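Protein chains: 2
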Amino acid sequence: MVAMAETPADIRKQRYHHGDLRGALIAAAREIVNAHGADGFSLADACRVAGVSTAAPYKHFRDKNDILKELIILGMEELHESRHAALAVHGGINPAGIAAMGRNYVAFARREPGLFRLMFGLDPELKSDPKVDQVCKTCFGGVIETVGIYCATHGVSHDPRIIALELWAFVHGVAALVIDGDFDRMAPGLDTDALIDGAVPRLLHYHNR
Amino acid sequence: MVAMAETPADIRKQRYHHGDLRGALIAAAREIVNAHGADGFSLADACRVAGVSTAAPYKHFRDKNDILKELIILGMEELHESRHAALAVHGGINPAGIAAMGRNYVAFARREPGLFRLMFGLDPELKSDPKVDQVCKTCFGGVIETVGIYCATHGVSHDPRIIALELWAFVHGVAALVIDGDFDRMAPGLDTDALIDGAVPRLLHYHNR
DNA sequence: GTTGCCAAGTTAATGACAATAACTTATGTT
DNA sequence: AACATAAGTTATTGTCATTAACTTGGCAAC
Chain V
1 MVAMAETPAD
11 IRKQRYHHGD
21 LRGALIAAAR
31 EIVNAHGADG
41 FSLADACRVA
51 GVSTAAPYKH
61 FRDKNDILKE
71 LIILGMEELH
81 ESRHAALAVH
91 GGINPAGIAA
101 MGRNYVAFAR
111 REPGLFRLMF
121 GLDPELKSDP
131 KVDQVCKTCF
141 GGVIETVGIY
151 CATHGVSHDP
161 RIIALELWAF
171 VHGVAALVID
181 GDFDRMAPGL
191 DTDALIDGAV
201 PRLLHYHNR
Chain P
210 MVAMAETPAD
220 IRKQRYHHGD
230 LRGALIAAAR
240 EIVNAHGADG
250 FSLADACRVA
260 GVSTAAPYKH
270 FRDKNDILKE
280 LIILGMEELH
290 ESRHAALAVH
300 GGINPAGIAA
310 MGRNYVAFAR
320 REPGLFRLMF
330 GLDPELKSDP
340 KVDQVCKTCF
350 GGVIETVGIY
360 CATHGVSHDP
370 RIIALELWAF
380 VHGVAALVID
390 GDFDRMAPGL
400 DTDALIDGAV
410 PRLLHYHNR
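If you read the protein sequences in the order shown, they are chains V and P. This note's numbering applies: residue 1 is where the first sequence begins, and numbers increase by one. This note's numbering applies: residue 210 is where the second sequence begins, and numbers increase by one.
So, in structure tokens, the structure goes:
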């Protein structure tokens with residue numbers, strides 16, 4: 001179902017030892033997850049891409065979930081880091097910067113829909129892992145912290161955690177409805193960046209006219 | 210992995226013909242999907258619950274996806290109908306009524322997380338089905354229509370479709386983050402009803418002070 | 001250098017599941 | 001009473017996850 005790696009694997013093809021099978025499997029898994037969703041991902045497919053037998057992954061990962069956890073960690077770290085960049089470009093902690101964070105969140109989901117979906121999946125098994133839990137807290141905590149600073153520096157009296165959760169929910173909902181095609185179904189061609197830019201200021205203004 | 214039906218199936222146990230296998234499989238699938246997610250659902254499990262062989266479902270459904278599509282249709286219809294009830298209880302088309310619609314949306318997701326997740330899944334195969342597409346449009350269109358009436362009757366000048374999509378995204382994000390445990394991770398014990406009641410009025414006020 | 005350890009591969013086997021084919025049983029219509 | 005057919009069955013194939021038992025070859029100690 002998935003073509004085997006050709007160009008970069010040719011040299012390794014003959015070798016018994018892969019060199020960096022762990023990395024190759026993670027890269028393959030990421031592509032497959034984004035192309036077919038986490039449900040459509042099979043370890044066997046990733047093995048075909050990497051050019052190894054189906055038993056090989058078990059030297060590097062405990063089981064299928066273990067590689068998915070690795071993907072979640074990678075995704076959370078990248079989302080967290082890209083947040084800083086988005087904020088910096090638009091002049092720091094102000095409404096425009098916070099809106100840029102939101103646009104960045106949605107852009108991430110568009111770029112890697114399968115990974116995004118995996119990161120915010122239902123399976124408690126995946127996110128109960130201590131390392132995954134920690135990276136989630138770091139990633140989401142950054143948003144709450146940023147909004148907290150905004151509220152403190154702009155005289156917003158309401159609980160900044162509540163405002164942060166509202167912003168997060170809104171932006172997360174946009175991302176989810178975009179990638180599953182429901183926004184396209186109801187409003188084809190919708191400019192989601194404009195949607196975010198329009199809504200974020202209203203969500204920031206709480207008891208602060 | 211799933212216990213067999215006992216009490217109500219005892220009589221049918223001896224019968225060659227089930228009576229209403231289609232309905233029984235849909236009911237079983239719904240429970241399994243909510244308990245273990247759509248990924249954790251196997252047709253074989255549903256067969257064990259219904260007490261039939263694993264080939265039996267194919268007399269009633271084309272394939273596994275076909276029964277999942279049926280669940281999506283049921284879920285969309287129920288969500289659509291419960292929306293009317295929520296609106297009516299809280300005095301019709303006003304901010305309180307629209308907030309009640311939102312709380313109802315989240316309550317639905319809490320009640321049937323696996324079904325909700327299935328209804329808003331990534332797999333294009335499921336939602337490209339004409340009947341599924343139609344029921345989605347009806348369900349989501351109701352929200353847009355309601356917000357449109359609110360805007361018309363309350364002198365809101367901005368495009369009601371935009372406001373409706375913003376409200377939908379917000380409420381959808383709350384539902385998603387609640388059922389996947391991320392709200393609990395970052396804000397244990399959060400009152401999501403209060404969150405919705407707080408945010409909805411701000412999202413409704415667009416160029417309308 | 002050779003020896004031998006062990007990490008990183010392999011093949012082979014098991015068990016669950018989706019799907020299909022070929023067969024059987026009841027039901028209800030004529 | 002006969003039989004057409006809907007609704008079941010068993011049996012089979014192919015895919016996948018996972019484990020066990022086996023090679024292979026790179027590297028470190030001697």
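Every residue, glycine too, gets a C-beta built ideally from N, C-alpha and C. A quick note: this is a predicted structure, and the numbers were derived from the prediction, not measured.
Neighbours of residue 95 (chain V) across chain P, judged by C-beta separation under 7 Å, do not exist; the nearest C-beta is about 14 Å away. Residue 414 (chain P) is positioned such that its CB atom lies closer than 8 Å to that of residue 202 (chain V).
In this chain, residue 302 (chain P) is not harboured by any alpha helix (DSSP H), its DSSP state being neither H nor E.
Straight-line spacing of the CA atoms in residue 372 (chain P) and residue 281 (chain P) works out to 26 Å. Of V:170, V:63, V:92, the smallest CA-CA separation from residue 149 (chain V) is found for V:92. For residue 58 (chain V), there is no enclosing alpha helix (DSSP H), since its DSSP letter is neither H nor E.
Across the set P:314, P:284, P:235, P:267, the C-alpha of P:314 shows the shortest separation from the C-alpha of residue 402 (chain P). Under the 10 Å beta carbon count, residue 57 (chain V) is surrounded by 16 or more other beta carbons and is classified as buried. Only buried fits residue 330 (chain P), as 16 or more other CB atoms lie within 10 angstroms of its CB. Not one beta carbon of chain P lies nearer than 8 Å to the beta carbon of residue 76 (chain V). Taking a Cβ-Cβ threshold of 8 Å, none of the residues of chain V is close to residue 289 (chain P); the smallest such distance is about 14 Å. In this structure, the beta-carbon distance from residue 88 (chain V) to residue 178 (chain V) does not fall below 8 Å. Close to residue 136 (chain V), with beta-carbon spacing below 8 Å, are these residues of chain P in chain order: 391, 394. Under the Cβ criterion of 8 Å, residue 261 (chain P) is not counted among the residues facing chain V. Contact check for residue 269 (chain P) and residue 231 (chain P): beta-carbon distance about 4 Å, within the 8 Å limit, so the pair qualifies. Contact between residue 341 (chain P) and residue 335 (chain P) is confirmed by a C-beta separation of about 7 Å, below the 8 Å threshold.
The shortest CA-to-CA distance from residue 316 (chain P) to any of P:400, P:408, P:354, P:228 is the one to P:400. In the structure shown, residue 102 (chain V) falls within a helical segment according to DSSP collapsed to helix, strand and coil. Listed along chain P, no residue sits closer than 7 Å to residue 110 (chain V) by beta-carbon distance, the nearest being about 12 Å off. Contact check for residue 247 (chain P) against residue 283 (chain P) fails: the beta carbons are separated by 8 Å or more. Between residue 294 (chain P) and residue 405 (chain P), the C-beta gap is not smaller than 8 Å, which leaves the two residues out of contact.
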